[in-house]
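Comments concern the structure below.
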Amino acid sequence: MTLSPSLADERTAKHRLDSPVKLDIQGAAFKRNPFPTFAAMRAAGPVIPLKLPLLGRAWATTTHEATLAMVKDNDLFVQEGRHAGKAGAVGGMQWWMPRSLRPMTSSMLLKDEPDHRRLRKLVDRAFARRDVLAMRGPIEKIADRLLDGLEGRETVDLASDYARRLPMAVICDLLGVPDEDRDAFSNWTRAALTMKNAFGLFRAMGSLDKMIAYVRDLIAESRISPRPGLIGELVRDEEDGDKLDENELLSMVALLLVAGFETTTHLIGDSIIALEQNPAQKAWLLGDPSNRMERAVEELARYTTPVQSTKPRYVSRDADFFGQSLHRGDLIIAYLASANADPAQFERPEVLALDRFPNPHLVFSSGIHFCLGMQLARVEAQSALARLYARFPHLRIPPPDQVAWIEQFGLRGVRSLPTRLDPLLTRLAA
Ligand code: HEM
4 MTLSPSLADE RTAKHRLDSP VKLDIQGAAF KRNPFPTFAA MRAAGPVIPL KLPLLGRAWA
64 TTTHEATLAM VKDNDLFVQE GRHAGKAGAV GGMQWWMPRS LRPMTSSMLL KDEPDHRRLR
124 KLVDRAFARR DVLAMRGPIE KIADRLLDGL EGRETVDLAS DYARRLPMAV ICDLLGVPDE
184 DRDAFSNWTR AALTMKNAFG LFRAMGSLDK MIAYVRDLIA ESRISPRPGL IGELVRDEED
244 GDKLDENELL SMVALLLVAG FETTTHLIGD SIIALEQNPA QKAWLLGDPS NRMERAVEEL
304 ARYTTPVQST KPRYVSRDAD FFGQSLHRGD LIIAYLASAN ADPAQFERPE VLALDRFPNP
364 HLVFSSGIHF CLGMQLARVE AQSALARLYA RFPHLRIPPP DQVAWIEQFG LRGVRSLPTR
424 LDPLLTRLAA
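If you use our numbering, the sequence shown corresponds to residues 4 to 433, in order.
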């Protein structure tokens, strides 16, 4: 009988959390080509111990099977420390967290049932009022407006001038954040999300503080004069049915802003890089973009997996899981990017195959915390790529060894992407 790779691994490796497998999962070489590291991770077993920046030792799932099993089991794997015998610690957040940031622990991402269900239902309802597909037109208009601003320039930074600005405009429109505040907000979230280590976290505190104070003001203003957008709706829902308390409302808005912005930025940026580095695939896509874009974006999402892992969970009780002995209170992450590169699930996972189907990737996770904004993110990436390549089919990005990947655990993306638009080539091709 042939054993599936995950079962075979399960028999070979028995690990201990206090002797983590040594792998670089943060550096530029890993970000440039993570597939060999994912193979090494899976070779070490379906669940392995790692030393993570900021968090310390944690288990990580490496195969598709173990990753899916983990995110679906919200009984064994919990968000709240108190459900795993960890008094005071919430979702991996530590005692040294400043008071101003404490409200963030009310976010639904950090809650177990039944609190999570209650919070998610409220925002699900607000999202359901909008037909995400109907947002395609307005999103394409935003893309066109941004591209107008690039017209006539030979070299642009596609990361900051396009991939960053588009999701920021979309999420701010959705929430009802005024135009004039968007750049400041973008800078605060960038500082908060690009910290590499404890020192970076310390530096990021100031930005996080400002962001939270800003969201607090927005909510207060919405209370005084009703405004269009989700913030206004959430405030109204709160007042109608007394559903969200002040901290929950604050953390919900901050979660949507943060979760909906940097993630999609990287999906767009990473997709451009992947397409430019795979010209035959790009040519296939541009041969019939309107019919091929949806499937292509699924594969680009799998291949790049911009959010590489879930937030850590706690193990709620001693248990055997894929051959490892987990203990109550241990931390564990679902390594989505490694799952998406598992050859047991994807034929030649290291190859970008834009027509791959079926494509059961875990880019948006699964289980009760699966991404609330996945349809929106898909439409944003599809629109961003379609409009960009309709206008500028001939781009020149830096060669692979000069692409400046951010060296931060958990996200795969770039901060800048200097790009030649080659208007001459584009005009000749038109
Ligand atoms: C490419 C873009 C995106 C990616 C790759 C992504 C990925 C994810 C992942 C992996 C999770 C699970 C996290 C965990 O369990 O620890 C998640 C949760 C979440 N995402 Fe996204 N996301 C994206 C875009 C968005 C957008 C556009 C929004 C909102 C407008 C959004 C809102 C959320 C929220 C609210 C959660 C928490 C859900 C819960 O706890 O029930 N995301 N996302």
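We treat Cβ as the ideally placed atom computed from N, Cα and C, and that holds for glycine.
8 Å contact criterion, which residue i and residue j should meet: CB distance rounded
i: I145; j: L260; result: 17 Å between Cβ atoms; not a contact.
i: V406; j: I276; result: 6 Å
i: S368; j: L334; result: In fact, because the Cβ distance is near 17 Å, the residues do not count as touching under 8 Å.
i: I222; j: V256; result: 7 Å
i: G272; j: A162; result: 5 Å
i: L150; j: L391; result: 7 Å
i: M208; j: T192; result: Contact doesn't hold; Cβ gap of about 14 Å is too wide.
i: V50; j: F324; result: 6 Å
i: T66; j: T422; result: Contact flag wrong, Cβ pair sits at about 36 Å.
i: D240; j: A129; result: 7 Å
i: M107; j: S254; result: 5 Å
i: G179; j: R121; result: Actually they are not in contact, since the Cβ atoms of G179 and R121 sit about 23 Å apart, beyond 8 Å.
i: T313; j: V366; result: So it is not a contact: roughly 11 Å between Cβ atoms.
Residue i - containing beta strand (DSSP E), residue span
i: Y306; result: That residue, Y306, is in no beta strand (DSSP E); its alpha helix (DSSP H) goes 292-307.
i: F349; result: Counting along the chain, F349 falls outside any beta strand (DSSP E), and DSSP gives it neither H nor E.
i: D404; result: Where D404 is concerned, there is no enclosing beta strand (DSSP E), given that its DSSP letter is neither H nor E.
i: P141; result: First-last for P141: 139-153, but that is the alpha helix (DSSP H), not the beta strand (DSSP E).
i: I324; result: Rather than Ile, the amino acid found at residue 324 in this sequence is Phe. 322-324 is the span of the beta strand (DSSP E), which, as asked, contains F324.
i: L339; result: First-last for L339: 339-342, but that is the alpha helix (DSSP H), not the beta strand (DSSP E).
i: R316; result: 316-318
i: V50; result: 50-55
For residue i, the first and last residue of its enclosing alpha helix (DSSP H)
i: D127; result: 118-131
i: F33; result: 31-35
i: R390; result: 377-394
i: V3; result: Nothing can be reported for residue 3, as the shown portion of the chain is limited to 4 through 433.
i: P421; result: No alpha helix (DSSP H) contains P421, which is instead part of the beta strand (DSSP E) from 421-423.
i: V256; result: 249-262
i: P170; result: 168-178
i: S328; result: Here S328 belongs to no alpha helix (DSSP H); instead the beta strand (DSSP E) covers 327-329.
i: R60; result: That residue, R60, is in no alpha helix (DSSP H); its beta strand (DSSP E) goes 59-64.
i: R45; result: 38-47
i: V74; result: 67-75
i: I275; result: 265-280
Outcome for residue i when other beta-carbon atoms lying within 10 angstroms are tallied against a minimum of 16
i: N343; result: buried
i: K17; result: exposed
i: D291; result: exposed
i: P361; result: exposed
i: F446; result: With the chain covering 4 to 433 only, the question about residue 446 has no answer from this structure.
i: D21; result: exposed
i: H330; result: exposed
i: R316; result: buried
i: A166; result: buried
i: S69; result: In the sequence on display, residue 69 carries Ala and not Ser. Its Cβ being crowded by 16 or more others within 10 Å, A69 is buried.
i: A137; result: exposed
i: K124; result: exposed
i: P352; result: buried
i: V126; result: buried
i: E350; result: exposed
i: E83; result: buried
i: G263; result: buried
i: S109; result: buried
i: L424; result: buried
i: D147; result: exposed
i: R305; result: buried
i: S293; result: exposed
i: A387; result: buried
i: A32; result: exposed
Residue from the options with nearest C-alpha to residue i
i: L420; options: E410, Q411, N77, P401; result: P401
i: L375; options: M111, A43, D78; result: M111
i: F80; options: E68, V318, G140, H67; result: V318
i: T266; options: L125, M214, H364, L379; result: L379
i: P117; options: V354, I371, A389, D425; result: I371
i: R19; options: T313, A47, D186; result: A47
i: E168; options: R185, T158, L177, E157; result: Per the sequence shown, the amino acid found at residue 168 is Arg instead of Glu. When only C-alpha atoms are compared, the closest one is R185.
i: L71; options: S293, V159, H364; result: H364
i: Q1; options: D321, E251, D160, D404; result: The question about residue 1 has no answer here: the residues shown for the chain are numbered 4 through 433.
i: Q327; options: M73, L57, E224, A43; result: M73
i: L311; options: M296, H269, K285, Q284; result: The question names Leu, yet the displayed sequence has Gln at residue 311. Comparing Cα-Cα distances from Q311 to each of M296, H269, K285, Q284, the minimum goes to H269.
i: P170; options: S189, L153, G155; result: S189
i: D160; options: L398, Q348, L57; result: L398
i: Q284; options: E410, P231, D358; result: D358
9 Å Cβ cutoff, residue i in contact with chain C
i: D248; result: Judged by its chain identifiers, the structure shown contains no chain C, having just a single protein chain.
With three or more beta-carbon pairs closer than 8 Å as the criterion, would you say the stretch 296-303 touches the stretch 17-35? No: the two stretches stay apart, fewer than three of their Cβ pairs being nearer than 8 Å.
Would you call the stretch 34-43 and the stretch 344-353 in contact, with 3 or more CB pairs under 8 Å? They touch, by the three-pair rule.
Cβ contact check for the stretch 61-77 and the stretch 412-420: 3 or more pairs under 8 Å: Result no; under three Cβ-Cβ pairs closer than 8 Å.
On the three-pair Cβ rule with 8 Å, is the stretch 378-394 touching the stretch 71-80? Not touching, per the Cβ criterion.
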